[in-house]
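I have placed the structure first, in the form of structure tokens, so that the comments after it can refer back to it.
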Amino acid sequence: MKKILKIKNRFIVLSGILMFTLSAFALCKETMSVWAAIETDTTQSQSSELKLNMSKESGCYDDAFTLYIECDKAKAIYYTTDGSNPVTSSTRKEYISGIEISDRKNDENVLSVAEPSLFDAAYAVYDSKSKTFTDSQTAPSKDEVDKASVIKATAVDDKGLYTDVVTNTYFIGDMTKRF
């Protein structure tokens, strides 16, 4: 009898979660038309049939290079280097000539490094006198962290329609010494 009760209780809990999920889905479905109306203001309903191409595929390269972006019959080509959308971003740049892709090992560690003690107590050391935690690990230096260049690009045609955004990621230098 106890096993049946447990099964029934689990079923009740699961069915409650299922009911909540179905209710949430129904609520989302009802508001989808509202979201579509909001999105219509910031996105286009059609995209250009033009095809945008970058001269190099995403990947790891030993040496720096110049990246070329092409799109036949495009009125303009826009790109970003900060990961934002080149259709809507205020940081987008108009593509005029090649983009230099180089080893970024001397750039600051911005998103790649976090204080290990914030995430793992194995590295934390407690000082009972000062009643603080310190970290037994140090963050890697700038040149010890591999950094990527992310290029997002789009083109606009003579009707004002944008192509799909193309995103490529490039690592320059020897990545094998850290693996």
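For the sequence shown, this note's numbering gives the first residue as 786, with consecutive numbering after it. The C-beta atom is built at its ideal place from N, Cα and C for all residues, glycine as well.
The Cβ atoms of residue 940 and residue 837 sit closer than 8 Å to each other.
Look at the beta carbons and you see the stretch 874-884 not touching the stretch 913-920: under three pairs across the two are nearer than 8 Å.
Note that the C-beta distance between residue 870 and residue 950 is below 8 Å. For residue 886 against residue 934, the beta-carbon gap comes to about 5 Å, under 8 Å, which counts as contact. Residue range 909-912 is occupied by the beta strand (DSSP E) that includes residue 911. In this structure, residue 958 lies near residue 890, with their beta-carbon atoms less than 8 Å apart.
Listed in chain order, the non-local C-beta contacts of residue 848 below 8 Å within the same chain comprise 957, local neighbours out to five positions each way being set aside.
Under the DSSP assignment, residue 947 falls outside any beta strand (DSSP E); it carries neither an H nor an E label. When rounded, the separation of the alpha-carbon atoms in residue 884 and residue 846 is 15 Å. With a cutoff of 8 Å on beta-carbon distance, residue 854 and residue 938 are scored as near each other. A straight-line Cα-Cα distance of about 18 Å links residue 930 and residue 867. Assignment of residue 834 by DSSP, reduced to helix, strand and coil, places it in the coil class. Rounded to whole angstroms, residue 864 and residue 960 show a C-alpha spacing of 26 Å. With a beta-carbon spacing of about 6 Å, residue 832 and residue 947 fall inside the 8 Å limit used to define contacts.
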